[in-house]
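Asker: Read in order, the letters of the sequence shown are residues 0 to 93 in numbering that gives the first Met the number 0.
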Amino acid sequence: MFIRERAGIATFERLVEQGLKSDVLVRMGQLEQRYRKTCPECEKEFWVGPELIDRNWLNGKPMAYRCPHENCSGVAPIGEQEHKPTLDEELRQK
Ligand SMILES: [Zn+2]
Numbered sequence: 000m001f002i003r004e005r006a007g008i009a010t011f012e013r014l015v016e017q018g019l020k021s022d023v024l025v026r027m028g029q030l031e032q033r034y035r036k037t038c039p040e041c042e043k044e045f046w047v048g049p050e051l052i053d054r055n056w057l058n059g060k061p062m063a064y065r066c067p068h069e070n071c072s073g074v075a076p077i078g079e080q081e082h083k084p085t086l087d088e089e090l091r092q093k
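1. Using CA coordinates, which residue listed in PRO39, TRP56, LEU86 is at the minimum distance from HIS68?
2. Run the CB neighbour count on LEU73, radius 10 Å, all protein chains shown included, and call it buried at 16 or more, exposed below.
3. Buried or exposed: where does LYS43 fall if 16 or more other Cβ atoms within 10 Å of its Cβ makes it buried?
4. With the cut-off set at 7 Å, would you say ARG65 and LEU86 are in Cβ contact?
5. Examine ligand 1 and report whether any of its heavy atoms sits within less than 6 Å of the Cβ of GLY48.
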């Protein structure tokens, strides 16, 4: 266990040296894009969370995020571009 951890740290440090750092920042930017929504009604930005998900009552699929701001009933739809391909779909694309 200890050895595996050391190896993991060494790998991580090497990746950082190779410039992964900037990649991490890019990824974080993408995360922000994905998890920050602008309410169409009050036009305020909010971070999405599982408690804000509005699900389709038929199939349980997340459909939109409810605006968390007080006195606002806006919902920000979950866009198509945010569809995360499943492993199966990713393999098919290659
Ligand atoms: Zn709102």
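We put the CB at the ideal spot given by N, CA and C, even for glycine.
Answerer: The answer reads as follows:
1. Here residue 68 refers to the residue found at position 69 of the sequence shown. Among PRO39, TRP56, LEU86, the Cα nearest to that of HIS68 belongs to PRO39.
2. Locating residue 73 in the sequence shown gives position 74, where the first residue counts as 1. Before going further, note that residue 73 is Gly rather than Leu in the sequence given. Flag for GLY73 reads buried.
3. For the purposes of this step, residue 43 is taken as residue 44 along the sequence shown, with counting starting at 1. Looking at its Cβ environment, which holds fewer than 16 other Cβ atoms inside 10 Å, LYS43 is exposed.
4. As a first step, residue 65 is located in the sequence shown; it is residue number 66 there, counting from the start. As a first step, residue 86 is located in the sequence shown; it is residue number 87 there, counting from the start. No; because the gap between Cβ atoms is not below 7 Å, this pair is not in contact.
5. Locating residue 48 in the sequence shown gives position 49, counting from the first residue. GLY48 Cβ: outside cutoff for every heavy atom of ligand 1.
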